[in-house]
Structure formats: structure tokens, C-alpha cells
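Asker: As you go down the protein sequences, you meet chains R and G in turn.
Mapped onto our numbering, the consecutive letters of the first sequence carry residue numbers 8 to 251.
Mapped onto our numbering, the consecutive letters of the second sequence carry residue numbers 8 to 251.
All residues carry an ideal CB built from backbone N, CA and C; glycine is no exception.
There are 2 protein chains.
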Amino acid sequence: MSTSLHHRAIENVGTRIITGDLPTGHVMLAEQLEEELKVSRSVVREAVRVLQSLGLVETIKRVGIRVLPSSRWNPYDPQVIRWRLSSEGRGAQLRSLIELRSAVEPAAAELAAKNAPAGLRSELVDIAHALRDAGHTGDGQKFLELDIAFHSVLLSGSGNEMFANLMGQVAETLTGRTVHGLMPDHPHEGALQWHVDLAEAVAAGDAAAARDASERIMRRTTSRLSETWTDQPRVFIPVRRTGA
Amino acid sequence: MSTSLHHRAIENVGTRIITGDLPTGHVMLAEQLEEELKVSRSVVREAVRVLQSLGLVETIKRVGIRVLPSSRWNPYDPQVIRWRLSSEGRGAQLRSLIELRSAVEPAAAELAAKNAPAGLRSELVDIAHALRDAGHTGDGQKFLELDIAFHSVLLSGSGNEMFANLMGQVAETLTGRTVHGLMPDHPHEGALQWHVDLAEAVAAGDAAAARDASERIMRRTTSRLSETWTDQPRVFIPVRRTGA
DNA sequence: TGACACCGATGTGTGCAGACATCAAAACTC
DNA sequence: GAGTTTTGATGTCTGCACACATCGGTGTCA
Numbered sequence: 008m009s010t011s012l013h014h015r016a017i018e019n020v021g022t023r024i025i026t027g028d029l030p031t032g033h034v035m036l037a038e039q040l041e042e043e044l045k046v047s048r049s050v051v052r053e054a055v056r057v058l059q060s061l062g063l064v065e066t067i068k069r070v071g072i073r074v075l076p077s078s079r080w081n082p083y084d085p086q087v088i089r090w091r092l093s094s095e096g097r098g099a100q101l102r103s104l105i106e107l108r109s110a111v112e113p114a115a116a117e118l119a120a121k122n123a124p125a126g127l128r129s130e131l132v133d134i135a136h137a138l139r140d141a142g143h144t145g146d147g148q149k150f151l152e153l154d155i156a157f158h159s160v161l162l163s164g165s166g167n168e169m170f171a172n173l174m175g176q177v178a179e180t181l182t183g184r185t186v187h188g189l190m191p192d193h194p195h196e197g198a199l200q201w202h203v204d205l206a207e208a209v210a211a212g213d214a215a216a217a218r219d220a221s222e223r224i225m226r227r228t229t230s231r232l233s234e235t236w237t238d239q240p241r242v243f244i245p246v247r248r249t250g251a
Numbered sequence: 008m009s010t011s012l013h014h015r016a017i018e019n020v021g022t023r024i025i026t027g028d029l030p031t032g033h034v035m036l037a038e039q040l041e042e043e044l045k046v047s048r049s050v051v052r053e054a055v056r057v058l059q060s061l062g063l064v065e066t067i068k069r070v071g072i073r074v075l076p077s078s079r080w081n082p083y084d085p086q087v088i089r090w091r092l093s094s095e096g097r098g099a100q101l102r103s104l105i106e107l108r109s110a111v112e113p114a115a116a117e118l119a120a121k122n123a124p125a126g127l128r129s130e131l132v133d134i135a136h137a138l139r140d141a142g143h144t145g146d147g148q149k150f151l152e153l154d155i156a157f158h159s160v161l162l163s164g165s166g167n168e169m170f171a172n173l174m175g176q177v178a179e180t181l182t183g184r185t186v187h188g189l190m191p192d193h194p195h196e197g198a199l200q201w202h203v204d205l206a207e208a209v210a211a212g213d214a215a216a217a218r219d220a221s222e223r224i225m226r227r228t229t230s231r232l233s234e235t236w237t238d239q240p241r242v243f244i245p246v247r248r249t250g251a
């Protein structure tokens, strides 16, 4: 691989923290990381700085590099999400993402119906039809690509950059659940139609109908996947007060 | 001044990029940054690495450090949000945040009604009552603190870490709109009651009522603030396809 | 004798300076 | 115009000085 030492160092330590291999409160020394990773101080230091900005570690003089509790991790960082999706904590991460999508996508659909440029509207309709066709013929690979494209264009068309930024996370979610065999051989006929309904509502500028179709899609997705995380305990992030 | 050089370097360059002082595509040299900031190579390099992980810049061999378009910035990073809120692009940032909150908080209210631990439920009720009192007496400072606390506890009680992580952003939003004089002297009486309704619905485990109250609050907040950003153009983030 | 305050030794992150390696753009050669 | 060399930037490594929190010893006082 041509990945840089810097990148590999981040990947190595980040992964070990997310998986719990390096537990909360664990203290490492920069020198020790140099030896473990067989890299120089500069590489370690730059990697630690990045991990620090992700909320994974903090550096304390005279102590070392301490692993922070998961409540401090930035749950929106693409890297953090990827690491969590490929670790044991996958269930909790998927649930968080689905709940977020369920909240955001209907709102995005509404905004897209109001604001999206014409090009994105027609693109969305085209993708929806192609998606329905792919669902019928049973082409799993193509279906996944179109599914990702559909939701990406929808989020992009909302004109809200924070919604749009969830594209990547949605792609990871959809890919992940396909890879882990959580998809049926033939998609639900109703869901396929709802995608078309949603696209046409956006194209027609019908915000209410767009939201409605999106809510139906997300409800079905949630109910289909909820059984995979019933055992996952909920984590309650403590409220951090700024003032004294 | 106890802030580290590393931190100051990030702050300096990050701010200049967000404000547009360093425009998209602008290329800097590491050596040039050393001179500008009067710091050593290692400080510059570590700062650049962090900015890179935030999507603000990319480094290209033989070229330099190039500023990335705003569509590549991580809009969920607390630092990026803070920078944007204190720059000219504040309007667009506020709109994005409000739209996100409008989508997320009703869902969070629903989840909190279903899952929140007893302690958070009763705390939410207490805060809601105190908030109503502060609204009546007109204590602006106290009102702001309680408002932040209320929404933080609600998000925390949802048991969804991605929802909970929005606490910080919400605090910034509420503080920002108070600082910029967008708050009325006396809060809307209905809104005060809705907060109490929301808290009691969560306490009673009534998910539908909780969502309903939250939607009312967010609708009112949105309509009150929407006039401040009517002139802001929408930005449509292009869809980034992964594969070839 | 015991408790407490002080103070220096120690270890570790922070910041600095200089060197070589690597690699891609640009210039050059044929 | 294709292939090669040069050039100039980041990438990586290393040794050093400094700041500062922690720990342990020492001295003082009750």
C-alpha cells in the first residue's frame, strides 16, 4: 500500500481505541508508540494531534497520552464512524445512524421539494425509476449503488450542508448492511414505489408528499433493522456544562 | 496566555480559511506559514495535519498546502461551527443548525420519552419549570442558561449519541442568537408552556405528546429566526461518487 | 515523634533546527 | 513529441532545549 506512515499510525491507534483494545483511561507514551509502530516521533506526534482533534485522546504533560471515554469521541467524523462500523460496537452505531437518518431525511425531502435545482430533481426521478427496475431484476450490486445515489441526491438537494454531509454516512450504512447480509433478495415492492413517489413529489415541489413518502421509507427501514440491535444497551452521554 | 502554539496556529489558519480570507484553491507553503506565524516547522506541520482532518486543506507534494472548497469542510466539527458562527457566513450556518435541530429534536423527544433514565426525566421537568419562571421574571442570563440546559438534557436523554453530541452546537446557537440580539425581552408565553408540556410528556413516557410539543417549539423558533437569513443563498453540496 | 509545608529531581509533552528521502511537476534532451 | 533529468515541495528522521506537573526527600513546627 502507498498509504503514508501518518495515515497508518492514525488508523492503527484509532482502530484500537474504538474497538476497546485500548480502554478508556489507558495511558500511552509517545516513545512507546514510536517503538510499537516503528515510526519516528514526528509521525507519532502528528497522528496524536489528529486523534486529539477527534476527541479520542488527550495529552497531559508529565503523564502521557490518555484514551478518552467514548462520550468524548466526535460521532460525526467519517473516520470515527467507519472505525465503529467495522468493530463490535457496530450495532449501536447503526442504530444511531438510522435514527438520525429517520429524523433528517423527511426534513431533507421537504427542503428538496422546496429548494432543489431542476437538475437534481430530474436526476432523482431517473434514479428512482432505475432503482425500481434494479429491484425487480434482482441486481444487488446495482441496487446498492442506486440506493446510495438516490439518498445522496436527496440530501444534496436539500440545500442544507449539514444534511448533505450525511451522504457519506448513509453510503456507509447502506453498504454495511448489504455486506453483512441484512438485505432481502428482493426489495419490498412498496418501498420501491415509495422511492418513486418521493422523487416525483420532489420534482413536483410537493413538500408534504415528499416528507410523507420519506417517512414511510424510513419507518420500514427502521422496523426491518431494529431487531439487529435489540440487545445493544443505550448510552447516555452526560451533559457537559461549560461554566463553573 | 496559556494557549499552545499548536492551538493558535490552527485557530489562525482555520479562521482565515472560513472567513474566505484564504480562498478556495489558494496554495500556501509550509515554510511561508512558519514565517507568518513565527513558529517552527513541527508546529505548522501538526496544525496542517489537523486542518487536513477537518477537510479544510489538502497537501500535495511539489505544490503545497491547498485550501479546499467549503463543500469539503466537516460541518459537524465544533471548531468549524464556531468559526463559521463568528464569521460573515453566520446566517447560513444558523439556518443549517436550526433546520437540523428542527429535524432532530422532535425525534429526540420521542426517544427520551421511551428510554430516558428517571433522573433525567425529573431533571427535565425541574428545568422546564425554572425556565418558565425565568421567562416571566425576565432574567435573560438565567433564561439562556436554563434554555441550554433544557435542550441538552433532552438530547442527552434520547440515548442516541449523535443526537446528544448536538448539545454543544445547540448551546452555540442559543448563545449566538442571544448575543446578536435576536431574542425578545419576554419569551413567548406559549413557548414557555410547550417546554413544560414537553418535559411532562417525557416524564410520563408519552412519546407522541413529547414529539408534538417539540415540533411546536421548533416551528416557532424557525419562524421567528427565518427572516434573518432570507437573503442567504442555498448551497448545494455536489454528490461525491466513490467508485470510478 | 509525627504531621505538614517546602523544594528540587525526574520524566514527559512542547517546540526548535537541520538533515535526508521521496515523489511529482516542470524543464530539458533527443 | 516521447522519454529523461532536474527541481522543489512535502514526508520522515533525529538530537536538543525548555516548560511544567508529579513525586519524593528534607526541613520545620507542634
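1. Three-state secondary structure (DSSP) at G:THR66?
2. Examine chain R for any beta-carbon lying closer than 8 Å to the beta-carbon of G:GLU168, and answer yes or no.
3. Mapping DSSP to helix, strand and coil, what is G:ALA251?
4. Just to confirm, does G:ARG184 get its C-beta within under 7 Å of one of the non-hydrogen atoms of the ligand PLP?
5. Does the distance from the C-beta atom of G:HIS136 to that of G:VAL203 stay below 8 Å?
6. Residues of the region 79-95 of chain G in Cβ contact with chain R at a cutoff of 9 Å, in chain order, please.
7. For R:VAL242 and R:GLU222, what's the separation of their Cα atoms in angstroms?
8. Any chance the region 62-73 of chain G sits against the region 20-38 of chain G, with 3 or more Cβ pairs inside 8 Å?
9. Once the 5 residues before and after R:ARG102 are set aside, which same chain residues still bring their CB inside 7 Å of it?
10. Quick one, are the C-beta atoms of G:VAL70 and G:LEU12 less than 8 Å apart?
11. With DSSP as the reference, please indicate the residues paired to R:ILE72 in a beta bridge.
12. Just how far apart, CA to CA, sit G:HIS158 and R:ASN167?
13. Do we get a CB-CB distance below 8 Å when we pair G:SER60 with the residues of chain R?
14. So, with DSSP's three-state summary, where would you put G:VAL246?
15. Using CA coordinates, which residue listed in R:GLU42, R:ASP84, R:TRP80 is at the minimum distance from G:GLN59?
16. Between the Cα of G:LEU75 and those of G:SER109, G:GLY27, G:THR144, G:ARG139, spot the shortest distance and give me the residue it belongs to.
17. Might you give, ordered along the chain, the residues of its own chain that have their beta carbon closer than 7 Å to the beta carbon of G:ALA198, omitting 5 neighbours on each side?
18. Which residue wins for smallest C-alpha separation from R:GLY142, given the options R:GLN200, R:LEU161, R:HIS193?
19. Could you list which residues in chain G have their beta carbon closer than 7 Å to that of R:GLU53, in chain order?
20. When you compare the CB of R:LEU107 with every CB in chain G, is at least one pair closer than 8 Å?
21. Compare the C-beta of G:GLY98 against all C-beta atoms of chain R and say whether one is closer than 8 Å.
22. Between G:ILE134 and chain R, is any beta-carbon pair separated by less than 8 Å?
Answerer: To lay it out plainly:
1. Numbered from its first residue, the second sequence carries residue 66 of chain G at position 59. Strand, per DSSP.
2. If you number the second sequence from 1, residue 168 of chain G lands on position 161. Output row for G:GLU168: interface = yes.
3. Indexing the second sequence from 1 puts residue 251 of chain G at position 244. Note on G:ALA251: pLDDT 31, under 50, position unreliable in the model; no value is reported.
4. Judged by which ligands are present, the structure shown has none, so any question about the ligand PLP falls away.
5. For this step, residue 136 of chain G is matched to residue 129 along the second sequence. For this step, residue 203 of chain G is matched to residue 196 along the second sequence. The answer is yes: Cβ separation under 8 Å.
6. Cβ contacts with chain R: TRP80, ASN81, PRO82, TYR83, ASP84, PRO85, GLN86.
7. Reading the first sequence from its first residue, position 235 is the one you call residue 242 of chain R. Reading the first sequence from its first residue, position 215 is the one you call residue 222 of chain R. So the alpha carbons of these two residues sit roughly 25 Å apart.
8. yes
9. Here residue 102 of chain R is taken as the residue at index 95 of the first sequence, counted from 1. Taken in chain order, the residues that qualify are TRP236, GLN239.
10. For the purposes of this step, residue 70 of chain G is identified with residue 63 of the second sequence, where counting begins at 1. For the purposes of this step, residue 12 of chain G is identified with residue 5 of the second sequence, where counting begins at 1. No, these two residues do not count as a Cβ contact at 8 Å.
11. Walking along the first sequence from the start, residue 72 of chain R turns up at place 65. DSSP output for R:ILE72 lists R:MET35, R:THR66 as bridge partner(s).
12. Translated into the one-based positions of the second sequence, residue 158 of chain G becomes position 151. Translated into the one-based positions of the first sequence, residue 167 of chain R becomes position 160. Near 22 Å, if we compare the C-alpha coordinates of R:ASN167 and G:HIS158.
13. Position 53 of the second sequence, counted from the first residue, corresponds to residue 60 of chain G. By this cut-off, G:SER60 is an interface position.
14. As a first step, residue 246 of chain G is located in the second sequence; it is residue number 239 there, counting from the start. Looking at G:VAL246 - three-state DSSP - the assignment turns out to be coil, as it is neither helix nor strand.
15. Along the second sequence, read from residue 1 onward, the residue named residue 59 of chain G stands at position 52. Of the candidates R:GLU42, R:ASP84, R:TRP80, the one whose C-alpha sits nearest the C-alpha of G:GLN59 is R:ASP84.
16. Walking along the second sequence from the start, residue 75 of chain G turns up at place 68. With distances taken between Cα atoms, G:LEU75 lies closest to G:GLY27.
17. Position 191 of the second sequence, counting from 1, holds the residue named residue 198 of chain G. The residues are ILE224, ARG227.
18. Residue mapping note: residue 142 of chain R aligns to position 135 of the first sequence, counting from 1. For the residues R:GLN200, R:LEU161, R:HIS193, the minimum Cα distance to R:GLY142 belongs to R:HIS193.
19. As a first step, residue 53 of chain R must be located in the first sequence, where it is residue number 46. Those are ARG52, GLU53, ARG56, listed as they occur along chain G.
20. For the purposes of this step, residue 107 of chain R is taken as residue 100 along the first sequence, with counting starting at 1. True, the Cβ-Cβ gap to chain G drops below 8 Å.
21. Residue numbering aside, residue 98 of chain G sits at position 91 when the second sequence is read from its first letter. Output row for G:GLY98: interface = no.
22. Residue 134 of chain G sits at position 127 when you count from the first residue of the second sequence. No, its Cβ sits nowhere closer than 8 Å to a Cβ of chain R.
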